[in-house]
Amino acid sequence: MNFIDLLMLGFGEAMTLQNLSFCLLGALLGTLIGVLPGIGPTATIAVLLPITFFLPPLAGIIMLAGIYYGAQYGGSTTAILVNLPGEASAVVTTLDGYQMAQQGRAGAALAVAALGSFFAGTVATFAIAIAGPMLSQFALSFGPAEYVALMVFGLLAATILASGPVLKAIGMILVGLLLGMVGTDQATGAERLTFGAVELFDGIDFIVIAIGLFGFSEIIANLERSGSEGVTVAPITRLWPTRDDFRRSWRAVLRGTGLGTLLGLLPGGGATLASFSAYSLEKRVSRHPEQFGKGVVEGVAAPEAANNAAAQSSFIPLLTLGIPSNNMMAMMLSAFMIHGITPGPSVLTNQPEIFWGLVASMWIGNLLLVVINLPMIGLWVKLLNVPYRLLYPAILLFCCIGVYSMNNRIFDVMLAAGFGLLGYAFRKAKCEPGPLLLGFVLGPLLEANLRRTLLIEQGDPSIFVERPISLVMLIATVALLAMMIFPAFRKKREEAFQEEEA
Amino acid sequence: MKTLLALPLAAVLSAGFATTALADWPTDRPIELIVAYSPGGGTDIMLRTLAPYLEADLGTQIPVLNRPGASGEIAYTALSQARPDGYTLSSLNVPGFLTMRIGRKLRFDPADICPVARIVEDPGMFVVQADSPYNSLADVVAYAKDHPGAVSVGTTGVGTDEHLAMLQLEQSAGIKLTAVPFGGANEARTALLGGHVTLIGLNAGEFASTEPGQIKALGQFGEQRSTLAPDLPTAKEQGFDVLMASERGMATRCDVPEEIRARLAASVEKALTNPEFQEKAKQQGLALSYQSGADWSAAMPARLERFQEIFKLIKDRQ
Amino acid sequence: MAGPGVPNKGDRPDLLTAAIFIGLGALGLWQTSALDGGTLAMMGPGYLPRVVCGLLIAIGLVVGFNAMRREAVAIDPIKLRPVIVITLSIVVFAYAATHAGFVLASLFLIIAGSLADPGGKWRTTLLLAAGLTLFGALVFVYGLGVQVPLWPF
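Protein chains in written order, with this note's numbering: chain A, 6 to 507; chain B, 728 to 1045; chain C, 11 to 163.
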């Protein structure tokens, strides 16, 4: 069978009434848990996993996949409306998305996010279909040395994110790295920075930090600035994106999709790295980088496209090699296993209807999400008209339950309250928390891989320049560093020259 | 912090119920099953699959409560603070339950927790890429003898099953290997497939769930060959003294009345003979191996002693 | 903070940044002081944390030093009421959720949280608390299976 036949087979499978309704159910459920801060797709899928026993294999897997990418859509909604990233990959969406909402352009931001995500999802779905096996080889060629180079590059690129001074951004990344080191050291089992608290042995959860730094401290800051009466957003001028918005965002969506599809293949921080790098890239190539962080549409389009593309392409290693690239994919692996299916090359040949049915359902699911979400935008935007006095207690409650639900323990909620205070202090110090979160997510990967590389090479660092992928990435890092230093240097020199002339 | 956590835990677990007469056990009051790992992990799925069979047999609800963290310490602490009325169970994982007390101060007393029944015994294995030149443990040992430190072994950290198995092999064969820690079995497997490490440790269940043709096993570390890999020789058969198996089961507090513990164990044993459950277990790669709580407890001191010796090895080396 | 008598040098937000960075760095160094550093080939658990803490302190010093020489910038005024009320109500909610059940904890959180902002009407607050608690119980506890008791008994 050729590619078209297989795709047709897949659509035939995915379009049955049963599979279509489970796809819709998954997408709806995913949107719901994506919108509710804190409650993540991993926990939801775990709860639903036993239920899939009673469903046909494909229907169950289609529903779980729907929850996963549905949550990616829903996550951007809270990021834009109330400055609350539900997942690491939605952190950058808050930078410009929330600003747009403040300026009365929430509708445009949400629509661009939905359409960009749909486009990215479509491209990534076809990437899985066409080049899945080839792309997974790319993922395998990433050994510890390549990861180190990639992480160093990613962290440095993150400093572009912040609009403030570079030095403070680097400091925030370091704070993030330090927070990422809390817990039991993976390699030796030693306790680090836990202050003896057994709850910290497994480290701090991302959600605890995100809800503390963004959710709680945003509420405190809003109330402090003006009391709840004063928190108002600009009146909504226009629900839909303007022609200009489209003109400005299509290139960003394209670039974000490409980056996301590639980085999503990589285990661990793939999706997060994708959205951060997409944003950094846009800011870098933009002709007006100073507007980033003040509500530009490209700043929403690029990372949203990137994280959705990455969410889809993270299925590639699982489907083609049987390797889950993150917790979510590990859960999907269990879902396959429950039905006695071991994902991998043999599924492609022996049970093509499973693989192609899932791929086709992803595209259908993305389409359904756009259809569900576009009309909802009107509703979401109305949410902004709810007086803040009524809105903030609700946000407070949802955040608290979300944090609690991760490990069912009060310690996490108290820790989040602590991070709320820290976030408040950062606001007073004019430090942006975005780079901190990236450092927190990537730090453990950087450390583990650096130590692994040096263990395997028995202390010889020359491997970093011997392996081609790692070398390219390190050269890019040096170039980026030079680009960051030299403009400032040149400007100083120009100023000096002007002074001389004066 | 200690009391802050302890109080509500105790409160939620004993949730205001009066102790019911033992003869009535179980009433329609739900029996909480604490799982020491996050939802979706191997232990969680195993117990979530088992729970409906126990519910049917005991005629009551068995909700699963996840209390993940600190490799089980949080769950065991919660169990040891629950009422000894048979309405609180927890998962029990060996060797984690035994090794955590070595060189670490625990929040609970391991002597308070008694196994009810063992459900799974999953031996460890060493696994290489399918096209690797090594076909047995002896092949690896021979190479490592000539090239100390050149063979890298993917583990999931110091003191984990794979690492302890590696130390035993080093000790038994007189060689030196390099342990490379990964975040979990999946990460290690990815690195193996990419050729970034020589071999990795996997459990038989994890090996069985890997696409055939990608990797091959060199030897298994159970006392006997596992039902999941009947053709693979054990390390003992190959002449190396390496014993490592991951065992999973359930536990209660030791002061839960004996009749209740026996009733629970009988219920688990019954479920394990149910063909429907066996079919599900097979699909999940679970190596079912029932053992009564008493037999399992009796085997523990010897194992603990062995682990203590291995941990001494780690300490000496540092 | 920005009262009279403030010298006309010193960027206060940046000085606060420096204090946070140096404080966290020092805290980290102190907490990891007992850990084994190891060598480059065999990094111990303490190696990288110390490097990161060192860099953090260094950056804190540079930021702080630069800030001292800049024109004075004041920190935005601080109102203690929202900070204290919000933080306390979260902490009490956390404790109450497992102790007294979700319903009471949620009612408390919303009513107490509303006090962060003076001038609310009691009727609205109570209605909001009841509505959100019902919504939370239905969606989170029943719908999504969050493992928390609903009632104190």
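Using N, Cα and C, we set each Cβ at its ideal position, and we do this for glycine too.
Quick check: the Cα distance between residue i and residue j, rounded to an integer number of angstroms?
i        : j        : result
D21(C)   : N331(A)  : 43 angstroms
G327(A)  : H344(A)  : 15 angstroms
A140(C)  : G111(C)  : 15 angstroms
A568(A)  : S94(A)   : Residue 568(A) cannot be examined here, being either before or after the span of chain A that is shown, 6 to 507.
L774(B)  : L485(A)  : 51 angstroms
L1040(B) : L891(B)  : 10 angstroms
G362(A)  : L14(A)   : 7 angstroms
F320(A)  : G129(C)  : 52 angstroms
D858(B)  : E974(B)  : 31 angstroms
G201(A)  : G188(A)  : 10 angstroms
R248(A)  : V305(A)  : 16 angstroms
A748(B)  : T815(B)  : In this predicted model, A748(B) has a pLDDT of only 45, less than 50, meaning its place in the structure is not dependable; the value taken from the coordinates is given anyway. Their backbone Cα atoms lie some 16 angstroms apart in a straight line.
D849(B)  : S936(B)  : 13 angstroms
G265(A)  : F158(A)  : 16 angstroms
L459(A)  : A51(C)   : 5 angstroms
P875(B)  : D866(B)  : 14 angstroms
L479(A)  : K1009(B) : 47 angstroms
L781(B)  : P790(B)  : 11 angstroms
A737(B)  : T97(C)   : Here the model assigns A737(B) a pLDDT of 40, short of 50, so the residue's position is not dependable, and the following value carries that caveat. Rounded to whole angstroms, A737(B) to T97(C) spans 25 angstroms at the Cα level.
G448(A)  : G181(A)  : 7 angstroms
A134(A)  : Q941(B)  : 22 angstroms
Which word fits residue i, buried or exposed, when buried means at least 16 other C-beta atoms lie within 10 angstroms of its C-beta?
i       : result
D190(A) : buried
M488(A) : exposed
H293(A) : exposed
S475(A) : buried
D873(B) : exposed
W161(C) : exposed
V477(A) : exposed
T746(B) : Reliability of the predicted coordinates at T746(B) is poor, the pLDDT of 43 falling under 50, and the value obtained from them is presented with this limitation in mind. Per the 10 Å Cβ criterion, exposed.
R133(C) : exposed
G464(A) : exposed
D812(B) : buried
L451(A) : buried
Can residue i and residue j be called in contact, C-beta distance under 9 angstroms?
i       : j        : result
W525(A) : A453(A)  : In the structure displayed, chain A extends from 6 to 507; residue 525(A) sits before or after that span and is not available.
M342(A) : Q1011(B) : yes
T826(B) : V203(A)  : no
G976(B) : P842(B)  : yes
V117(A) : V302(A)  : yes
T36(A)  : Y103(A)  : no
N930(B) : G851(B)  : yes
Q41(C)  : L441(A)  : no
I840(B) : A1021(B) : no
L955(B) : G932(B)  : yes
G428(A) : G137(A)  : no
Q317(A) : A129(A)  : yes
L286(A) : F445(A)  : no
If contacts are defined as beta-carbon pairs under 8 angstroms, then residue i and residue j qualify, I think. What distance do you get, rounded to the angstrom?
i       : j       : result
T770(B) : V762(B) : 6 angstroms
A32(A)  : I377(A) : 7 angstroms
G47(C)  : C63(C)  : Contact doesn't hold; Cβ gap of about 12 angstroms is too wide.
V258(A) : A307(A) : 7 angstroms
T143(C) : I121(C) : In fact, because the Cβ distance is near 10 angstroms, the residues do not count as touching under 8 angstroms.
Between residue i and the ligand COA, is the CB less than 8 angstroms from at least one heavy atom?
i      : result
A19(A) : The ligand content of the structure shown is nil, which means the ligand COA is not present either.
At a Cβ cut of 7 angstroms, what residues of the region 182-206 of chain A count as close to chain B, listed as they run along the chain?
-> Along the region 182-206 of chain A, the positions whose C-beta sits under 7 angstroms from a C-beta of chain B are Q191, A192, T193, G194, A202, V203, E204 and F206, read in chain order.
Report the residues of the region 836-857 of chain B with a CB closer than 8 angstroms to any CB of chain A, ordered along the chain.
-> Going along the region 836-857 of chain B in chain order, one finds no residue with a Cβ nearer than 8 angstroms to chain A.
Select from the region 112-128 of chain C all residues with a C-beta closer than 7 angstroms to any C-beta belonging to chain A, and list them in chain order.
-> The region 112-128 of chain C vs chain A, Cβ under 7 angstroms: S116, L119, I120, G123, S124, A126 and D127.
When Cβ atoms are compared, which residues of the region 99-113 of chain C fall closer than 7 angstroms to chain A?
-> Residues passing the 7 angstroms Cβ filter: I100, V101, F103, A104, Y105, A107 and T108.
Identify each residue in the region 794-814 of chain B for which the Cβ-Cβ distance to at least one residue of chain A is less than 7 angstroms, and report them in chain order.
-> Against chain A - using a Cβ distance shorter than 7 angstroms - the residues of the region 794-814 of chain B are R794, P795, G796, A797, E800 and I801.
Got a sec: which bits of the region 882-896 of chain B sit with their beta carbon under 7 angstroms from any beta carbon on chain A, in order along the chain?
-> Within the region 882-896 of chain B, the residues whose Cβ lies closer than 7 angstroms to some Cβ of chain A are G884, V885 and G886, listed in chain order.
Near-chain C residues of the region 419-443 of chain A - C-beta to any C-beta below 9 angstroms | Along the region 419-443 of chain A, going in chain order, the ones with a CB nearer than 9 angstroms to a CB of chain C are M419, A421, A422, G423, G425, L426, L427, Y429, A430, F431, R432, K433, A434, K435 and C436.
Please list the residues of the region 26-38 of chain C that have a C-beta atom closer than 9 angstroms to any C-beta atom in chain E, keeping them in chain order.
-> This model lacks chain E altogether, as its protein chains are A, B and C.
Report the residues of the region 895-909 of chain B with a CB closer than 7 angstroms to any CB of chain A, ordered along the chain.
-> Residues of the region 895-909 of chain B that bring their beta carbon within less than 7 angstroms of a beta carbon in chain A comprise T905, V907 and P908, in sequence order.
Report the residues of the region 454-472 of chain A with a CB closer than 9 angstroms to any CB of chain C, ordered along the chain.
-> Within the region 454-472 of chain A, the qualifying residues are L455, R456, L459, L460, E462, Q463, G464, D465 and P466.
Anything in the region 767-779 of chain B with a Cβ closer than 9 angstroms to a Cβ of chain A? List those residues in chain order, please.
-> The region 767-779 of chain B vs chain A, Cβ under 9 angstroms: G767, G768, G769, D771, I772, R775, T776, A778 and P779.
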